[in-house]
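Residue numbers (the numbering used here), protein chains in the order written: chain H, 10 to 316; chain B, 10 to 316.
Here a beta-carbon is modelled for each residue, glycine too, at the ideal position from N, C-alpha and C.
This one's a predicted model, so the numbers in the text were calculated from it and none came from an experiment.
First the structure, in the form of structure tokens, and then the observations on it.
Dropping the structure here:
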């Protein structure tokens, strides 16, 4: 039994643009979010409050958030998330007026010890400890907290990641007070059955309404993985317009699953999302043009050619 | 319950190269087939005996077949198919010594009347009538006959194609004496549930051992469609190394589902195919180099970059 409704969390402005070499102007990021909202996307990961030294692409995090939440621009029905790696990031996110704060923060650690060490220079347990005051503060301010588990299927250093590792991190996120657990195949190596096992591991600690799948299309498996999760009743998925983004840790990697390809599947299955495919293609065209390329996703290319 | 074993029918040399604008030398086609056989593919659609006036890419059909079946080259365990559109094509296919004949011919018509008219200038019923002597002769000579239903999901002129239309053509192919029925999403517009309905329509007239899925990746759905059919017990799929081919009838269309992406899925599901992924990538690299491009499939790109 497939779910009747699916929530698509659009991560292109954050996970997509964060991994694009080509810089994108702040105004263009704001316009991208506006177009995505116009298409009906009700949950958008807008930016990331990471160190501008390490991730210059996100140096304008405050300006982007202020822009998309400005009076007359903001659609109050849309939930805006921002990735926050530490307390300093959260302080920056909350430095401006309350209207500019994100509705929700995203914290992430990994299911792979090696990846966590190389990516954040601490153990998984230490990363969770580090998040404790971040989550506490965010919750005290009334913000949602989305936890995300990177490398839930595979790790560039360790290879296959077992479901037990995912369950352990999910338990840690739950204990911290996260209200959502995202299962991320960061390097896009998972196949359907293993993805279901990873998702089952997260479901030991979170309700099905509180889990989501985040799949990269590195090996062309992302949409099958979405389908396999739908068959488990999972009804929240991250996706990235025009398949924006890649993974700096995996050479040759394709980016996130393209929102338009997930939407095409869901529409065909009769699953409601509230998203208009044609308007979504407008957003895909817009950002692809700004990045100086044609829309790279297969569905995007085919559907735009048929216009 | 997924099948324990899947047969991959490699159609790159035919359906792939037929739709490539870039001409490929006969020797390279023969080498491609050799590499595919070396990878463990046991069923290969080698060429097409179509009019060289309409399809110059396949003008060397007899030479290719003679080459891959030459003494000292041929692997007797491998089944070679050739597409044959009419009696003239069959006569050409059988003009040489018996050792050079294909093991099997492929005849195809469409589930869409408009597509059939535009593509073959006759009605679906007329196309089936036209095949009657072709199938009879092939069977008399002891060759296998694979029937294929184009546009089983959608048609560039008619839009969605209903399962009833597929069932009707499947019945016609069965009556003709075809021993296999392929369900082809020629323009790559089908999604999982509709593909299952089309497959169920074919299964009204053919056993599950005698049906196969042929999916184009135009809208990024091909691998999900394979997975949805696997869940029905279907265990034979066409695929094209490096995702070779496109569709001349659909602008902007991506080609066939890439063999390496199907194989990556099946391997992850623990389904046996007898095909070695690494050697398959050698074949993908070879033909892509000959076509002057890098391997375009996502799995091919990622796995080759990781070498």
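In the three-state reduction of the DSSP assignment, residue 296 (chain H) falls in the helix class, which pools H, G and I.
One finds 232, 270, 273, 274, 277, 307, 308 in chain B with Cβ atoms closer than 9 angstroms to the Cβ of residue 230 (chain H), taken in chain order.
Against residue 288 (chain B), chain H offers no close residue; the least beta-carbon distance is about 17 angstroms (beta-carbon pairs closer than 9 angstroms). By the rule that beta-carbons nearer than 9 angstroms mark a contact, residue 17 (chain H) does not touch chain B. Looking at the DSSP output, residue 17 (chain B) bridges to B:246. The residue among B:315, B:314, B:272, B:309 with its C-alpha nearest the C-alpha of residue 50 (chain B) is B:272. At least 9 angstroms separates the beta-carbon of residue 291 (chain B) from that of residue 252 (chain B).
Residue 150 (chain H) carries a coil assignment under DSSP once its states are collapsed to helix, strand and coil.
For residue 267 (chain B), the chain H residues whose C-beta falls within less than 9 angstroms of its own C-beta are 229, listed in chain order.
Each residue's CA atom was taken as its position, placing residue 53 (chain B) and residue 203 (chain B) some 27 angstroms apart. Cα atoms of residue 35 (chain H) and residue 26 (chain H): separation of roughly 11 angstroms, rounded to the nearest angstrom. Interface flag for residue 203 (chain H) against chain B is set, since a Cβ pair is found closer than 9 angstroms. In this structure residue 163 (chain B) is buried. Its beta-carbon is surrounded by 16 or more other beta-carbon atoms within 10 angstroms. Interface residue (Cβ-Cβ distance to chain H less than 9 angstroms): residue 237 (chain B) is classified as such.
Assignment of residue 225 (chain B) by DSSP, reduced to helix, strand and coil, places it in the strand class. At least one beta carbon of chain B lies nearer than 9 angstroms to the beta carbon of residue 197 (chain H). With a cutoff of 9 angstroms on beta-carbon distance, residue 18 (chain H) and residue 247 (chain H) are scored as near each other.
Residue 130 (chain H) counts as exposed, since fewer than 16 other C-beta atoms from the protein chains shown sit within 10 angstroms of its C-beta. Identification of chain B residues near residue 200 (chain H) by a Cβ-Cβ cut-off of 9 angstroms yields 273, 274, 275, 276, 277, 278, ordered along the chain.
Judged by DSSP in its simplified three-state form, residue 160 (chain B) adopts coil rather than helix or strand. Residue contact check for residue 194 (chain B) against chain H: no CB pair falls below 9 angstroms.
Residue 10 (chain H) is classed as exposed because its beta carbon has fewer than 16 other beta carbons within 10 Å across all chains shown. For the pair residue 233 (chain B) and residue 105 (chain H), the Cα-to-Cα distance works out to about 45 angstroms. Distance between residue 59 (chain B) and residue 305 (chain B), taken at the CA atoms: about 27 angstroms. Take residue 230 (chain H), set aside five residues on each side of it, and the residues of its chain with a beta-carbon closer than 6 angstroms to its own are 200, in chain order.
Residues of the segment 25-53 of chain B that bring their beta carbon within less than 9 angstroms of a beta carbon in chain H are absent altogether. Below the 9 angstroms Cβ cutoff, chain H contributes no neighbours of residue 251 (chain B), its closest Cβ being approximately 12 angstroms away.
For residue 220 (chain H) and residue 183 (chain H), the gap between their C-alpha atoms comes out near 11 angstroms. A direct Cα-to-Cα measurement between residue 194 (chain B) and residue 160 (chain B) gives close to 5 angstroms. Contact with chain H is absent for residue 248 (chain B), since none of that chain's Cβ atoms lies less than 9 angstroms from the residue's Cβ. One alpha carbon belongs to residue 192 (chain B), the other to residue 31 (chain B), and they sit about 28 angstroms apart. At least one CB atom of chain B sits nearer than 9 angstroms to the CB of residue 311 (chain H). Annotated three-state conformation of residue 128 (chain H) is helix, per DSSP. Cα atoms of residue 175 (chain H) and residue 94 (chain H): separation of roughly 19 angstroms, rounded to the nearest angstrom. A straight line joining the alpha-carbon of residue 22 (chain B) with that of residue 114 (chain B) spans about 15 angstroms. Under the Cβ distance rule, residue 281 (chain B) does not count among the residues neighbouring chain H, no pair being separated by less than 9 angstroms.
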